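Participant: In this note's numbering, the protein residues as written are 6 to 163.
1. Skipping 5 residues on each side, what residues in its chain have a beta carbon closer than 8 Å to that of residue 62?
2. Please identify the residue among 138, 131, 160 and 35 whose C-alpha is closest to the C-alpha of residue 49.
3. Just the Cα atoms here: how many angstroms apart are residue 94 and residue 134?
4. Using a Cβ-Cβ cut-off of 8 Å (strictly less than) and excluding sequence neighbours within five positions of residue 70, which residues of its own chain qualify?
5. Enumerate in chain order the residues of its own chain whose CB-to-CB distance from residue 22 is below 6 Å, with the five nearest sequence positions on each side excluded.
6. Residue 148: which of 157, 158, 128 and 163 sits nearest, CA to CA?
7. With 16 as the cutoff for other CB atoms within 10 Å, does residue 53 come out buried or exposed?
8. Enumerate, from N- to C-terminal direction, the unbroken alpha helix (DSSP H) stretches of 4 or more residues contained entirely within the region 32 to 101.
9. Which same chain residues end up closer than 6 Å to residue 9 when comparing Cβ atoms and leaving out the 5 residues on each side of it in sequence?
10. One question on the structure: do residue 47 and residue 11 come within less than 9 Å of each other, judged by their Cβ atoms?
11. When you compare only the Cα positions, how much space is there between residue 79 and residue 97?
12. Closest to residue 109 by C-alpha separation, out of 39, 145 and 143, would be which residue?
13. Comparing alpha-carbon positions, which option in 43, 90, 68 and 152 lies nearest residue 18?
14. Using the Cα positions of residue 139 and residue 25, report the straight-line distance between them to the nearest angstrom.
Quick look at the structure:
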C-alpha cells in the first residue's frame with residue numbers, strides 16, 4: 006500500500022474530471038470530493054474518492070458501468086465503483102442516498118479533518134503505520150475504523 010505526498014491540485018483536477026463525467030450521466034446528483042485526497046495536506050493513496058448522492062441508489066451502478074466504471078461492491082444503501090480498473094484505481098465512486106447516514110458521515114469526517122489539522126496529521130500517521138503492515142484494501146480500511154469512529158463522535162459533538 007503506497008501513500009503518496011499530498012498533491013491537492015492534481016487531486017482536485019482529477020476529482021473535477023470525474024465530477025463532470027458523473028454529472029453528465031446523473032443530472033441532479035450531488036457530487037462531493039471525500040477521503041484523504043479531499044483533506045488536501047496529508048499523504049494519501051493516489052486514488053480520489055467521489056461521493057455521489059442520489060434520491061435512490063437503485064440502477065445507478067448500471068448507468069456508471071455503461072460509462073466505464075467497474076462495480077466493486079453493492080449494498081442496499083451504498084454502491085461503489087472504481088475507475089479505470091481495480092488493479093490500477095484512479096478514482097473510487099461511492100453512490101449513496103443524498104442526506105442519508107452514509108452521506109452525512111462521509112462529509113462530516115472530511116469536514117472535521119479539514120478544520121482540525123492536528124487530527125488530520127494523526128490520521129496520516131495512522132495510515133502510514135497501517136500501510137507498512139498490509140497491502141490489502143479491506144484490512145487497511147478495517148484498521149482505520151476506530152479512528153474514524155472517534156472523529157465522527159467528535160464531529161457530532163462540535
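Glycine included, every Cβ here is placed at the ideal spot set by N, Cα and C.
None of these values were measured; they are calculated from a predicted model.
Facilitator: The answer reads as follows:
1. Here the set comprises 81, 82, 83, 84, 100, 101 and 102.
2. The shortest C-alpha separation from residue 49 is found at 131.
3. Going from the Cα of residue 94 to the Cα of residue 134 covers about 22 Å.
4. Short of 8 Å from the beta carbon of residue 70, and not among the five residues preceding or following it, lie these beta carbons of its own chain, in chain order: 76 and 86.
5. So no residue of the chain qualifies.
6. Ranking 157, 158, 128 and 163 by Cα distance to residue 148 puts 128 first.
7. By the neighbour-count criterion, in which 16 or more other beta carbons inside 10 Å mark a residue as buried, residue 53 falls on the buried side.
8. List check, alpha helix (DSSP H) in window: 41 to 44 and 65 to 71.
9. Closer than 6 Å at Cβ, skipping near neighbours: 51.
10. In this structure, the beta-carbon distance from residue 47 to residue 11 falls below 9 Å.
11. Rounded to whole angstroms, residue 79 to residue 97 spans 13 Å at the Cα level.
12. Of the listed residues, the one whose Cα sits closest to residue 109 is 39.
13. Among 43, 90, 68 and 152, the Cα nearest to that of residue 18 is on 43.
14. So the two alpha carbons sit approximately 34 Å from each other.
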